[in-house]
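J.:
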Amino acid sequence: KFLSTLGRSGSSDKAKASEMVHATRRHIKINVDYDPARYKTFDKRLNEIMKRYQDNWEQLLVQLSLLREDMKDGERQTLNGLDENGQVFYDIMADLVFTDDVPEDKQTLLVDLVNEVYRLIVDAINIPHFWEMKFSEQRNLKGDITKALIISDIDEFDDKEVQITEDLMKLAKKRHHYI
Numbered sequence: 288k289f290l291s292t293l294g295r296s297g298s299s300d301k302a303k304a305s306e307m308v309h310a311t312r313r314h315i316k317i318n319v320d321y322d323p324a325r326y327k328t329f330d331k332r333l334n335e336i337m338k339r340y341q342d343n344w345e346q347l348l349v350q351l352s353l354l355r356e357d358m359k360d361g362e363r364q365t366l367n368g369l370d371e372n373g374q375v376f377y378d379i380m381a382d383l384v385f386t387d388d389v390p391e392d393k394q395t396l397l398v399d400l401v402n403e404v405y406r407l408i409v410d411a412i413n414i415p416h417f418w419e420m421k422f423s424e425q426r427n428l429k430g431d432i433t434k435a436l437i438i439s440d441i442d443e444f445d446d447k448e449v450q451i452t453e454d455l456m457k458l459a460k461k462r463h464h465y466i
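Counting the sequence shown from 1 gives a position; the working numbering is that position plus 287.
(1) Would you mind reading off the limits of the alpha helix (DSSP H) that contains N343?
(2) Might you give, ordered along the chain, the residues of its own chain that have their beta carbon closer than 8 Å to the beta carbon of M456, omitting 5 neighbours on each side?
(3) Please report the straight-line C-alpha distance between K393 and I441, rounded to a whole angstrom.
(4) For R355, count the other beta carbons within 10 Å of its own beta carbon; 16 or more makes it buried, fewer makes it exposed. Which is it?
(5) Give the C-beta separation of V389 and L397 to the nearest angstrom, bearing in mind that I take them to be a contact with Cβ-Cβ under 8 Å.
(6) Within 10 Å of its beta-carbon, does D357 have 16 or more other beta-carbons around it, so buried, or fewer, so exposed?
(7) Have a look at A381 and S298 and give me their C-alpha separation to the nearest angstrom.
(8) Within its chain, find whatever has a CB closer than 7 Å to the CB of Y340; leave out the 5 residues flanking it on each side and keep chain order.
(9) Taking the alpha carbon of I315 as the point to measure from, which residue in E306, S305, Y326 and M307 has its own alpha carbon closest?
(10) Near I408, which residues of its chain fall below 6 Å by C-beta distance, leaving aside the five closest residues on each side in sequence?
(11) With burial defined as no fewer than 16 other Cβ atoms inside 10 Å of the residue's Cβ, what is the status of L353: buried or exposed?
(12) Excluding the five sequence neighbours on either side, which residues of its own chain have a C-beta within less than 7 Å of the C-beta of D320, listed in chain order?
(13) Would L369 pass as a contact of V401 if the rule is Cβ separation under 8 Å?
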């Protein structure tokens with residue numbers, strides 16, 4: 288809808304690009320809590336596009352349109368053994384501990400860990416009013432997630448378990464209605 292109304296105003300490419308950048312940033316800001324790793328990637332890509340094409344308004348518009356199309360395309364690649372929700376949790380865990388892609392020898396371990404953590408989350412949040420009133424159950428879930436991270440064979444989690452657990456809890460709360 289936004290892209291179809293963009294050219295109607297008769298404004299310059301610079302004004303259109305500015306409007307697109309603003310709308311894209313807003314979309315990223317609204318959605319980053321629901322899929323942090325994915326939207327941080329979009330934000331990074333937006334910044335790279337703006338830097339690379341800062342004075343080439345026509346090409347900037349083309350690149351921004353491509354980015355918006357990628358953002359609109361809800362499809363995401365998932366690893367074997369993960370559904371889309373599981374992939375969101377995988378991505379945030381990978382993003383927190385690996386600077387680049389997850390090494391091949393760690394992918395299966397991480398998929399198994401994500402499935403275990405995701406099962407713990409699903410079981411917990413199915414308790415009525417889990418986020419509103421069940422503080423002891425929330426503490427139990429935090430403890431179970433931290434324990435799963437500690438006993439995993441993924442050394443990169445060492446000394447980061449508490450932060451990862453906090454981030455997973457925030458993500459679970461934000462995505463509660465999708466889980």
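Positions of the beta carbon are idealized from the N, C-alpha and C atoms, including for glycine.
T.: Working from what's here:
(1) Counting along the chain, N343 falls outside any alpha helix (DSSP H), and DSSP gives it neither H nor E.
(2) If we look at M456 and ignore the five residues flanking it on each side, its Cβ neighbours are Q425, L428, K429 and I432.
(3) Looking at the two C-alpha atoms, the distance is approximately 7 Å.
(4) Under a 10 Å Cβ-count criterion, R355 is classified as buried, with 16 or more other Cβ atoms of the shown protein chains found around its own Cβ.
(5) Rounded, the Cβ-Cβ distance is 6 Å, consistent with contact.
(6) Exposed.
(7) In a straight line, the C-alpha of A381 is about 42 Å away from that of S298.
(8) The answer, listed in chain order, is Q346, L347 and Q350.
(9) Comparing Cα-Cα distances from I315 to each of E306, S305, Y326 and M307, the minimum goes to Y326.
(10) A459.
(11) By the neighbour-count rule (16 or more Cβ atoms within 10 Å), L353 is not buried but exposed.
(12) Beyond the five residues adjoining it in sequence on each side, D320 comes within less than 7 Å, by CB distance, of K461 in the same chain, given in chain order.
(13) Taking 8 Å as the cut-off, the beta carbon of L369 is found closer than this to the beta carbon of V401.
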